[in-house]
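Numbering of the sequence shown is given in the numbering used here, commencing with residue 3 and proceeding in unit increments.
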Amino acid sequence: MSDDPETARQIAELAADDRPLLILDVDDVVLEFIRPFPHFLKSRGFGLTLASFRLTGNIAETASGRLIEQPEVTALLGDFFDAQADWQSVTDGAEQALASLGDRAEIVLLTAMPHRHRAARRAHLDALGLPYPLLTTEMAKGPAVAKLRGTKGRPVAFVDDQPANLISARNSVADAHLFHLMADNSLRAYLPPLPDDIVSVEDWRDAAPKIASALGL
């Protein structure tokens with residue numbers, strides 16, 4: 003069972019499906035985040051200068067140069083997700099890749115964001131022509147990956163831009179096929195080397211055939 007009861011409730015609403023399972027993160031995997039977010043910040047009087055792979059400590063008030071603390075970062079993220087339809091577009095190649103996989107695999111989107119933003123994200127994904135089921139979680143993703151897979155041992159692949167989420171999935175589903183995809187590959191410079199069992203992919207054109215092979219499609 004997912005550690006997040008609301009995520010577990012959302013999973014329970016899904017129709018039964020025995021096909022191979024492809025679980026996808028949303029931000030910087032299906033939708034652009036790190037490219038539009040600085041433009042959003044600028045519109046609010048802030049600037050982003052990445053010196054590490056995190057937001058807190060890298061966002062400053064433009065007028066004063068003051069680095070903002072976690073509560074302010076959280077509030078700005080909330081505002082961004084409220085207005086995501088104005089800022090977030092589909093990552094390059096994602097729509098075509100998912101269309102090619104979706105007739106042979108169950109595709110589920112699993113996004114780490116406050117549940118209150120789920121309706122706005124659902125509406126935005128629908129407007130973009132991405133009708134795949136959407137789950138939100140406020141806790142670790144691994145238990146949700148395990149519950150989505152079910153008890154029949156079907157093949158499962160999980161794609162995320164955050165190594166911690168991939169490791170969480172591995173800890174819950176030892177034989178999951180794990181893929182690290184980032185909309186902006188320049189950010190890889192801020193990450194330590196990935197574990198050997200996580201496959202790094204450059205983009206969706208690189209990822210799609212590897213995912214298909216991993217799932218036996």
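Quick reminder that beta carbons are idealized off the backbone N, C-alpha and C, glycines included. For clarity, every value in this text was computed on a predicted model and none was experimentally measured.
Return helix, strand or coil for residue i, following the three-state DSSP convention.
i, result
"Leu78", "helix"
"Pro211", "helix"
"Gly49", "strand"
"Val203", "strand"
"Glu63", "strand"
"Asp29", "strand"
Contact check, residue i vs residue j under 8 Å by CB: the rounded distance?
i, j, result
"Val32", "Ala96", "5 Å"
"Leu221", "Val75", "Given a span of 3 to 219 for the chain in the structure shown, any question on residue 221 remains unanswerable."
"Leu24", "Arg156", "11 Å between Cβ atoms; not a contact."
"Leu168", "His179", "No, Leu168 and His179 are not in contact; Cβ-Cβ is about 10 Å, not under 8 Å."
"Arg123", "Leu137", "Not confirmed; about 10 Å, so no contact."
"Ala10", "Lys154", "Actually they are not in contact, since the Cβ atoms of Ala10 and Lys154 sit about 18 Å apart, beyond 8 Å."
Give me the Cα-Cα distance between residue i and residue j, rounded to the nearest whole angstrom.
i, j, result
"Thr113", "Ala65", "33 Å"
"Asp20", "Ala53", "43 Å"
"Arg120", "Phe42", "20 Å"
"Arg172", "Leu78", "31 Å"
"Ala107", "Phe160", "12 Å"
Could you give the first and the last residue of the continuous beta strand (DSSP E) run that contains residue i?
i, result
"Glu108", "108-114"
"Val158", "158-162"
Would you mind reading off the limits of the alpha helix (DSSP H) that contains residue i?
i, result
"Thr138", "Note, Thr138: premise wrong, no alpha helix (DSSP H); beta strand (DSSP E) at 136-139."
"Ile13", "7-14"
"His126", "120-129"
Practice item. Could you tell me whether the segment 121-134 touches the segment 47-67, using the rule of 3 or more Cβ pairs below 8 Å? Key: no
Practice item. Would you check if the segment 84-92 and the segment 6-19 touch, i.e. whether three or more CB-CB distances between them fall below 8 Å? Key: no
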